[in-house]
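Its first residue numbered 16, the sequence shown is counted upward by one per residue in the working numbering.
Even glycine gets a Cβ: it sits at the ideal position worked out from N, Cα and C.
Small disclaimer: the values here were computed from a predicted structure and weren't measured.
Only one structure is covered here, and it is reproduced in the block below.
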Amino acid sequence: MTDPVAYLETIQLDLTNLTHLFALPESVWSEGRFTYTMREENGEFICVFRGDGREAEMRQSVPDHPDARLRELHRKRVCRRLCRQTCYALLRDVTGMHPPWGSMTGIRPTRLFYEALENGLDAEDAEKHLVEHFDILPGKARLLRETVEVQQQLPPPADSWADVYIGIPFCTTRCTYCSFSSGEIGKGERVEPYLEALFEEMRSGTQILRDAGKQLRAVYVGGGTPTSLNEDQFQRLLDEMLACFPGASEYTVEAGRPDTLTPFKLRAIRERNIRRISINPQTMNDQTLKVIGRAHTAEDVRRAYAMAREAGIGHINMDVIAGLPGEHAEDFARTMQAALELRPESLTVHTLAIKRTSRLQIEKWPLPDGREAAEMVEMGRRTAQEMGMKPYYLYRQKYMAGNQENVGYALPGHACQYNVDIMEENTHILAFGAGGISKRVFPEEGHIERQPNVSNIEIYIERHAQMAEKKRALFLGENAAEE
Ligand code: SF4
16 MTDPVAYLET
26 IQLDLTNLTH
36 LFALPESVWS
46 EGRFTYTMRE
56 ENGEFICVFR
66 GDGREAEMRQ
76 SVPDHPDARL
86 RELHRKRVCR
96 RLCRQTCYAL
106 LRDVTGMHPP
116 WGSMTGIRPT
126 RLFYEALENG
136 LDAEDAEKHL
146 VEHFDILPGK
156 ARLLRETVEV
166 QQQLPPPADS
176 WADVYIGIPF
186 CTTRCTYCSF
196 SSGEIGKGER
206 VEPYLEALFE
216 EMRSGTQILR
226 DAGKQLRAVY
236 VGGGTPTSLN
246 EDQFQRLLDE
256 MLACFPGASE
266 YTVEAGRPDT
276 LTPFKLRAIR
286 ERNIRRISIN
296 PQTMNDQTLK
306 VIGRAHTAED
316 VRRAYAMARE
326 AGIGHINMDV
336 IAGLPGEHAE
346 DFARTMQAAL
356 ELRPESLTVH
366 TLAIKRTSRL
376 QIEKWPLPDG
386 REAAEMVEMG
396 RRTAQEMGMK
406 PYYLYRQKYM
416 AGNQENVGYA
426 LPGHACQYNV
436 DIMEENTHIL
446 AFGAGGISKR
456 VFPEEGHIER
466 QPNVSNIEIY
476 IERHAQMAEK
486 KRALFLGENA
496 AEE
């Protein structure tokens, strides 16, 4: 049997994230201010953390399974979770702080809710269990419960289904918080060769789906900003998508920047029966739009919504971000007021996360105050509720303002299947284009194999055939091309 200490070889990143959660320096580990031990004794894992004259000890029964491989996986999972929770208990004791999501780091919150249900608890008891066991705030546990209840009404995942993601890595300008590999479209010289490579890769995907015996579920065209293509290119993209991947139950096209929309592009979407698009103001304050590097105004957003309605688009999603630089609660309230006026069918409330590769990080913008970020996130929840929406997917990232979350809300019948699938990680995904990450899921093992495409646009154009082969190998187990 593996020594439990071996399961913790790569746990340091999780522990460092926990120290960030409690606003402590990473050096608490390297300087030996905090230390820990893990051992297995009499059928239990026993974890002890020590630091600043305090100690936290937690125990957990060692899981068993008749299959040796699955037993090993379960042992590792339980051991690592116990380690994180014990560390959390010590840091909570030392600092007296109470993060909104308690000890839930390095794990999808909905997964813990589903686990509680699988262990025989009803929704009410699962909600209480998360508060008691993971120390999360009651409001967050309620949010999780509502989210899971909406997800349970959607078609369940199955091994026979696969989603498709198509990436267009171009934007008109680069947002200062962006950490994606998208490039500015400039004069568009790279678009034609990119589309040529992408279409070839997509055509190979049709065959992979067929050979792997997968049925198409949802198709998502994202990026980047797909509508930053010119009208002819955009129309060809939609036609190629429908030719390669017909018959999905849902198609979404990101139309993130309002200044990239034209009546022609909106009609092209509508005529092809694509029902869901996303027009994302992020904020309705012109000053903030300038600070975050978007070359449009709040008025452009209003015009784009009017144009989309005129074209007969039935489902518009709106993305907003709480905690943008320089914004306070009253600024976010203006964005929420605009949401109430524009009446999207779904609203995604993100909390600003400053990632390492973003310009905001490079320029050292500080994260907004945690209390104010929480107030904005709550305002987003109330606005969605006022519009009759319910939460349907939720995820957390590192470096989020106030350690909050991102939540997708939707009117009944408007939850985006693809968003749920990508966050719950329970559906195969074939991703095409630079930076796309294909995933094959093995639900029984709780295991996912990923195949990332290169994110550099030039290299992708050059090597797209190799990406296609690797995807084929992922889903059909054939030998991938050599590097
Ligand atoms: S629209 Fe999205 S992908 Fe494009 S620059 Fe902004 S954050 Fe990045």
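Short note on R69: C-beta not closer than 6 Å to any heavy atom of the ligand SF4. Below 8 Å, too few C-beta pairs join the region 67-77 and the region 114-127 to call them touching: fewer than three. In this structure, DSSP gives R123 a state outside helix and strand, which the three-state scheme calls coil.
Under the three-state reduction of DSSP, L445 is assigned to strand. A425: member of the beta strand (DSSP E) spanning 421-425, first to last residue.
I474 counts as exposed, since fewer than 16 other beta carbons sit within 10 angstroms of its beta carbon. Along the length of the region 225-295, whole beta strand (DSSP E) runs at least 3 residues long occupy 230-238, 265-269, 291-293, reported in chain order.
When the alpha-carbon of L304 is set against those of N288, E342, Y320, E269, the nearest one is in E342. One alpha carbon belongs to E46, the other to S293, and they sit about 47 Å apart. Classified as exposed, N134 has fewer than 16 neighbouring CB atoms from the shown chains inside 10 Å of its CB.
DSSP places Q412 outside both helix and strand once states are collapsed to three, so it counts as coil. Taking 6 Å as the cut-off, the C-beta of R232 does not count as close to any heavy atom of the ligand SF4.
Under the 8 Å Cβ criterion, the region 178-185 counts as touching the region 230-245, having at least three qualifying pairs. Residue range 42-45 is occupied by the alpha helix (DSSP H) that includes W44. Three or more Cβ pairs closer than 8 Å define a contact, and the region 427-442 meets that threshold against the region 163-177. Inside the region 63-142, DSSP marks whole alpha helix (DSSP H) runs of 4 or more residues at positions 83-110, 124-133, from first to last along the chain. Assignment of beta-bridge partners to L362 by DSSP yields M333, Y424. For G395, the secondary structure class from DSSP, reduced to helix, strand or coil, is helix.
Shown here for G451: same chain residues with a beta carbon closer than 6 Å to its own, the five before and five after excluded, namely Y180, G182, N468 in chain order.
Cβ neighbours of A263 within its own chain (closer than 7 Å, five residues either side excluded): L231, R232, A233, V234. Within the DSSP secondary-structure output, E55 pairs in a beta bridge with F60.
Between T366 and A388 the beta-carbon gap is near 6 Å, inside 8 Å, which marks them as a contact.
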